[in-house]
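To keep things clear, I will list the structure first and then write my remarks on it.
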Amino acid sequence: MPVMEEIIIAPNRGFAHYWRDLWRYRELFLILSWRDVTVRYKQTVVGAAWAIIQPLTSMVVMSVVFGRLAGLPSEGNAPYPIMVFAAMLPWQFFANGLSLSSQSLVNNSSLITKVYFPRLIIPATPILVSLIDAGVAGSVLAAMMVWYRFWPTWRLVALPALVVLAVCVAFGASLVVCAMAVRYRDVRFVIPFLVQFGLYASPVAYSSDVVRTKLGPGLFRLYTLNPMVGVIDGFRWSLLGGASPLNGTELLTAVALTAVLCVIGLRYFRQVERQMADYA
């Protein structure tokens, strides 16, 4: 008499097992990331040059409006365009990652409803794509430093750690936004407004010292509750050398807020993930 085998499907097998699944599906993460890179620049006029054109044009406009017309000061002896572009790198990475991740689950709904894999992979792929774009744009900043003969110092060694911090901020925010976008489809209309508002609410076109002077120490502490303030000032401190000071309290606040944001994002994403196929 043949022996009947029993197959047991056990859902929600624990968070530790989920992380092991993420490692097992690492090749899927790379495949989806490469697909997003090719699709983003497929049939475009200038191809991957958009990664350079977008922050470069924003830098030119901000340098003219805020530096020339408004007469806002730069940081130390750093040229105003370099100060702005040093902030555009982390901000453009964050904005692109958040915008692309917000619709990543909705755009991959057919994949979600058919096969199993850790859904965390999907919002993580746009973060990698945006990081590649930021790396390409970084070559423009290097060329600008050569043009202005403005050289970085030993502080440049801290840049990888600041990049990790920027990735964590973008990833934590993306988890919350993309999980909300699955349940509430009108979230996609809110994201462009938030990104545009955040661009001017963060010290991209101007120095944080201007905000500190205008608001005072008390209100400036509230201003630093935006974690991108610490990230942007950290990038400037690393890239501009002695021209930019570093506020340790501000950076530690950004690190603490980023940790909280990532925990909240992971918990909320995992909660929505259980019913993601139904919403998709």
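Counting in the working numbering, the sequence shown runs from 1 upward without gaps. A virtual CB, placed ideally from N, CA and C, is assigned to each residue, including glycine.
- If you look at W237, you'll find it in the alpha helix (DSSP H) that goes 227–240.
- For the pair of segments examined, the stretch 23–30 was found to touch the stretch 106–123: the number of CB pairs separated by less than 8 angstroms reaches three.
- P81: member of the alpha helix (DSSP H) spanning 80–102, first to last residue.
- In this structure, the alpha-carbon of V169 lies about 18 angstroms from that of G248.
- Contact between S102 and V177 holds, with the beta-carbon distance rounding to 5 angstroms and staying under 8 angstroms.
- For K214, the enclosing alpha helix (DSSP H) stretches over residues 208–223.
- Taking all protein chains shown into account, P123 has 16 or more neighbouring C-beta atoms within 10 Å of its C-beta and is therefore buried.
- Counting the other CB atoms within 10 Å of its CB gives F189 a total below 16, which places it among the exposed residues.
- When DSSP states are grouped into helix, strand and coil, V115 belongs to the coil group.
- In this structure, the straight-line span from the alpha carbon of F220 to that of A166 is close to 21 angstroms.
- V146 sits away from F85, with the two beta carbons spaced by 8 angstroms or more.
- DSSP places V204 in the coil class of the three-state scheme, outside both helix and strand.
- Here V210 is not near A87, since their CB atoms are 8 angstroms or more apart.
- Following the DSSP letters along the chain, one finds E75 in no alpha helix (DSSP H), marked with neither H nor E.
- Closest option to V136, judged by alpha-carbon separation, among Q54, A181, R185, D36: Q54.
- When A181, L252, T253, D233 are compared, the shortest CA-CA separation from S244 is found for D233.
- With fewer than 16 other beta carbons inside 10 angstroms of its own, F193 counts as exposed.
- No residue range can be given for S244, since it is assigned to no alpha helix (DSSP H) and is classified by DSSP as neither H nor E.
- In the three-state reduction of the DSSP assignment, R149 falls in the coil class, being assigned neither a helical nor a strand state.
- The beta carbons of G241 and P152 sit about 6 angstroms from each other, so the pair counts as a contact at 8 angstroms.
- Rounded to whole angstroms, S174 and G97 show a C-alpha spacing of 7 angstroms.
- The Cβ atoms of A201 and N226 lie closer than 8 angstroms to each other.
- Spanning the alpha carbons of A158 and E75 requires a straight line of approximately 19 angstroms.
- F150 is the residue among Q271, T213, F150 whose C-alpha sits nearest the C-alpha of N77.
- Counting along the chain, the unbroken alpha helix (DSSP H) around A181 starts and ends at 159–183.
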